[in-house]
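Numbering of the sequence shown is given in my numbering, commencing with residue 32 and proceeding in unit increments.
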Amino acid sequence: MYGTVSSLPFPDNMFDFVTAIETYYFWPDLINDLIEVKRVLKPEAFLLLVHAAYKDDQFEKRNSKLVNLLDIKIHTPDEYKDFLSEAGYQIEKINNLPEKNWISAVAQKSESYRDRKEPHSSPLPHHRTYGSVYGDSADQNRSQIQGNESPRDLK
32 MYGTVSSLPF PDNMFDFVTA IETYYFWPDL INDLIEVKRV LKPEAFLLLV
82 HAAYKDDQFE KRNSKLVNLL DIKIHTPDEY KDFLSEAGYQ IEKINNLPEK
132 NWISAVAQKS ESYRDRKEPH SSPLPHHRTY GSVYGDSADQ NRSQIQGNES
182 PRDLK
């Protein structure tokens, strides 16, 4: 099976949990692609984003090399909140590890949020598409975030 994050080859409401590990910054249209991921999530299911760099003055020199080499945009923790909220997710937890400049975000598809059918006009730049979005409806993925805890336990 082949697909892109912009047009996932899965039916609506299929997955309990979707992960995007070191990929989202390559997505061609971040907001619309997050909305597409939300489409395949079951109501109240979770999305996990993980990245080994976020925008922070302490790591500006290192991060600028990554940004230029890979043609990506990295975000501050507050920008994570903004783009996930804009795409219609409820933020469960955003963790950053300042000494390593690592970040992860857990967001939930909210039942109360009306799914958008029309494309969203994103202010974020488009990038080449690399990476994948993986999903599995097995509960074991939830426990792999941190020991046996579910994403709700990470609050």
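Where is the CB? At the ideal position from N, CA and C, for every residue including glycine.
Predicted model only: the values in this text are computed from it and were never measured.
Check	Outcome
Cβ-based neighbour list, L80, same chain, cut-off 6 angstroms, excluding 5 preceding and 5 following	A51, Y55 and A136
E180 in three-state terms, based on DSSP	A caution first: E180 carries a pLDDT of 39, below 50, which makes its placement in the model unreliable, though a value can still be read off. It is a strand residue.
Start-end ranges of the beta strand (DSSP E) lying completely within the region 67-102, minimum 3 residues	72-82
DSSP-derived helix/strand/coil call for I62	helix
Buried versus exposed, by CB contacts within 10 Å (16 or more), G119	buried
Top-ranked residue by Cα proximity to K112, from I103, K104 and E123	E123
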